[in-house]
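K.L.:
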Amino acid sequence: MEELRNSPNAASAPQSRWRTHGWVGLLLIATCWPLNWALKGLTAYLFFPLWLGYVLVVDALVAVRTGCSMWTRSRKEFVLLFVASSPVWWMFEVINRRTANWEYLGSNHFTTFEYYLLCTISFSTVMPAVFETAELAASFKWVERFTFRPRVRDTAVLELAFFLAGTGMLLLTVA
1471 MEELRNSPNA
1481 ASAPQSRWRT
1491 HGWVGLLLIA
1501 TCWPLNWALK
1511 GLTAYLFFPL
1521 WLGYVLVVDA
1531 LVAVRTGCSM
1541 WTRSRKEFVL
1551 LFVASSPVWW
1561 MFEVINRRTA
1571 NWEYLGSNHF
1581 TTFEYYLLCT
1591 ISFSTVMPAV
1601 FETAELAASF
1611 KWVERFTFRP
1621 RVRDTAVLEL
1631 AFFLAGTGML
1641 LLTVA
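Going by our numbering, 1483 is the number at position 13 of the sequence shown; the sequence numbering is gapless.
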């Protein structure tokens, strides 16, 4: 969210024009949402286009509200977020094997390959959806009054300490 405020385009006036990728997102949602409810049987194949539609619509909203968005700042980084999202979510799946916090109903209807392929594709939308939603929330001024951020000086030692603490907690979770 700091990126949003510190981006070169953040100071520019918000653009009132709805971007093409926002229309694509609306089309995906308008097509896949009714299909998801109307089709009989498994609709796991519609998860990715529904969430991709959400991500594209929210990104377009952010661009209209702030003048820039993840898509407009760097399409390459926007796409890489989808690529990074799957392995990150698979890490949560590894944790879930140990904790058994959730299960996916109907997974027995797929071959092992189909299951892992569909999951990987679906998991690719998690980080983009979360980050886009955070940027949209940050575009509203009233959100700022709910933020309390203790100021901690950003140093290499502190970053390493947080990284090691996070890694340690992750290892303790799966141990």
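Each residue gets a CB set at the ideal place from its N, CA and C atoms; glycine is no exception. The structure displayed is predicted, hence computed values, not measured ones.
Any idea what DSSP makes of P1620, helix, strand or coil?
P.N.:
As a first step, residue 1620 must be located in the sequence shown, where it is residue number 150. Coil at P1620, not helix or strand.
K.L.:
Quick one: is W1612 buried, meaning 16 or more other Cβ sit within 10 Å of its Cβ, or exposed?
P.N.:
Here residue 1612 refers to the residue found at position 142 of the sequence shown. Per the 10 Å Cβ criterion, exposed.
K.L.:
Using 10 angstroms around the beta-carbon of A1530, count the other beta-carbons present and answer buried if the total reaches 16, otherwise exposed.
P.N.:
Looking up residue 1530 in the sequence shown gives position 60. By the neighbour-count definition (other C-beta atoms within 10 Å, threshold 16), A1530 is a buried residue.
K.L.:
State buried or exposed for V1528, treating a residue as buried only when at least 16 other CB atoms are found within 10 Å of its CB.
P.N.:
Taking the first residue of the sequence shown as 1, we reach residue 1528 at position 58. Classification for V1528: buried.
K.L.:
Could you check whether the region 1600 to 1616 touches the region 1530 to 1541, counting it as contact only if at least three pairs of C-beta atoms, one from each stretch, sit closer than 8 Å?
P.N.:
yes
K.L.:
As a quick exercise: from F1632, A1508, L1516, pick the residue whose alpha carbon is nearest that of L1498.
P.N.:
Residue numbering aside, residue 1498 sits at position 28 when the sequence shown is read from its first letter. The option with the nearest alpha carbon to L1498 is L1516.
K.L.:
Quick check on the DSSP output: the alpha helix (DSSP H) that includes H1579 runs from which residue to which?
P.N.:
If you number the sequence shown from 1, residue 1579 lands on position 109. No alpha helix (DSSP H) contains H1579, which DSSP labels as neither H nor E.
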